[in-house]
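Counted the way the numbering used here counts, the sequence shown spans residues 271 to 529.
In this text, a Cβ means the ideal position worked out from N, Cα and C, and glycines have one as well.
Inspection log for the structure reproduced underneath, given as structure tokens.
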Amino acid sequence: MPVYSSHVNVTATDSLENRLEVNAKYASFDFHEWVISRLGFQAGMDILDVGCGTGIHAIEALKALRGTGSISAMDLSGDSVGVLKNNSAGHDNLDAVAGDMNNLATIIEQQFRVKRYDLAYSVYALWYCTDHFGVLDVMRHALKPGGRLVVCTPNAPNGLREAIRRLGHPRPDLDQVTSFGPNVLEPYFRAYFDEAVIHLRRNLLRITVVDDVLRFYKSTGYYDPAIAKQLESLARLEIDMNGYFGFEKNIYLIEGIAR
Ligand SMILES: C[S@@+](CC[C@H](N)C(=O)[O-])C[C@H]1O[C@@H](n2cnc3c(N)ncnc32)[C@H](O)[C@@H]1O
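Okay, here's the thing in structure tokens:
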């Protein structure tokens, strides 16, 4: 298989914010609301957010906690953790630290005040680490009895990648990203939880502005400047014909309840 290089730091704060903005503007349903309702934040909970990014979920957790319980959040990007800290000033039940989730056990032990959780979750982040099972083990072992482990990840098909494939540029190396749920998470949850629930959610993005198609594409891990012109022509054609450039961007969410 050829070696593919990435032209984008997909985990950088600006890439993340661009993707979140385009998603929020064009998704066929309220993705944010859907994830929040499945995370099920409630007052008094102790919560662990792994790969928190700029804190889109941690901020909602803080609102639901209303000063009770705690949230311990971590991310590789110090910039993103800085955004979360700025946006949550005054909440003393939040610990937010920059670090690598591959070292999650040490971070919990040495940097978080709270070490056992009612809910441990990772939204669109677990995939990026190198030790998936190691991180899942740490999250699972950190649950209180009856606590929940929730992981949310992209699910196949990724419509934009399919469009780029049709333009003659397949990226077979990335198929494992959108099969991470069924191939990696599901066997893990089956092995370690008596009860696990999988939610599959179709999400259709209908982007009506060519520049937003390109903005979204430029913030993905498969952005390639050599392909951008072709994608721009395709998006322009579809927007002229249909009023939008549409593609699926589906979601896989799995939840296990600790004994
Ligand atoms: C797609 S973003 C999701 C962020 C956030 N959970 C959200 O839903 O907005 C992926 C996040 O994973 C973080 N990340 C990537 N590798 C990581 C690692 N090894 N340890 C901790 N965080 C990591 C990135 O910095 C980025 O903020």
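Which partner residues does S526 have in the DSSP bridge list? Locating residue 526 in the sequence shown gives position 256, where the first residue counts as 1. The sequence as given places Gly at residue 526; Ser does not occur at that position. Answer by DSSP bridge pairing, in chain order: L419, A466.
In angstroms with no decimal places, state the Cα-to-Cα distance between T283 and V320. Translated into the one-based positions of the sequence shown, residue 283 becomes position 13. Translated into the one-based positions of the sequence shown, residue 320 becomes position 50. Distance between the alpha carbons of T283 and V320 is about 16 Å.
Leaving out the 5 sequence neighbours to the left and right, which residues in its chain are closer than 7 Å to R529 when beta-carbon positions are compared? Reading the sequence shown from its first residue, position 259 is the one you call residue 529. Excluding positions up to five away in sequence, the list reads P415, D464.
C422 vs L523 beta-carbon contact at 7 Å: For the purposes of this step, residue 422 is identified with residue 152 of the sequence shown, where counting begins at 1. For the purposes of this step, residue 523 is identified with residue 253 of the sequence shown, where counting begins at 1. Yes, the pair counts as a contact, with Cβ atoms nearer than the cut-off.
Secondary structure, alpha helix (DSSP H): runs of 4+ residues fully inside the stretch 320-364: 326-335, 348-357
At 4 residues or longer, and completely inside the stretch 287-324: list those alpha helix (DSSP H) runs for me, N to C. 301-309
Would you check if the stretch 472-481 and the stretch 451-463 touch, i.e. whether three or more CB-CB distances between them fall below 8 Å? With a cut-off of 8 Å, the stretch 472-481 and the stretch 451-463 do not count as touching, because too few Cβ pairs lie within range.
Cβ of L335 versus every heavy atom of ligand 1: is any distance shorter than 6 Å? Looking up residue 335 in the sequence shown gives position 65. Every heavy atom of ligand 1 is 6 Å or more from the Cβ of L335, so no.
Starting from the Cα of F299, find the closest Cα among S489, R471, L504, E525 and give me that residue. Locating residue 299 in the sequence shown gives position 29, counting from the first residue. Cα-wise, what sits closest to F299 is R471.
Could you please give me the residues that DSSP links to G516 through a beta bridge? Taking the sequence shown and counting its residues from 1, one reaches residue 516 at position 246. Bridge partners of G516: R476.
Would DSSP call A368 helix, strand or coil? Reading the sequence shown from its first residue, position 98 is the one you call residue 368. If DSSP states are grouped into helix, strand and coil, A368 belongs with the strands.
Please tell me whether, using a cut-off of 6 Å, the distance from the CB of I521 to the nearest non-hydrogen atom of ligand 1 is below it. Walking along the sequence shown from the start, residue 521 turns up at place 251. Outside the cutoff, so no.
Note the first and the last residue of the continuous alpha helix (DSSP H) segment covering A433. Along the sequence shown, one-based indexing puts residue 433 at 163. Run containing A433: 429-436, per the alpha helix (DSSP H) assignment.
So, for H361: in the same chain, excluding its five sequence neighbours on each side, which residues have a beta-carbon less than 7 Å away from its beta-carbon? Counting from one through the sequence shown, the residue named residue 361 turns up at place 91. Closer than 7 Å at Cβ, skipping near neighbours: L332.
Are R431 and Y296 touching if we call contact CB-CB under 7 Å? Start at 1 with the first residue of the sequence shown, and residue 431 comes out as number 161. Start at 1 with the first residue of the sequence shown, and residue 296 comes out as number 26. Taking 7 Å as the Cβ cut-off, R431 and Y296 do not qualify as a contacting pair.
So I317 and D388 are in contact, right, with Cβ under 8 Å, and what is the actual spacing, rounded? By one-based count along the sequence shown, residue 317 stands at place 47. By one-based count along the sequence shown, residue 388 stands at place 118. Sure, about 7 Å apart at Cβ, within 8 Å.
With distances taken Cα to Cα, identify the nearest neighbour of F255 among A328, V367, C322. For the chain, the structure presents residues 271 to 529; residue 255 sits outside this window and is missing.
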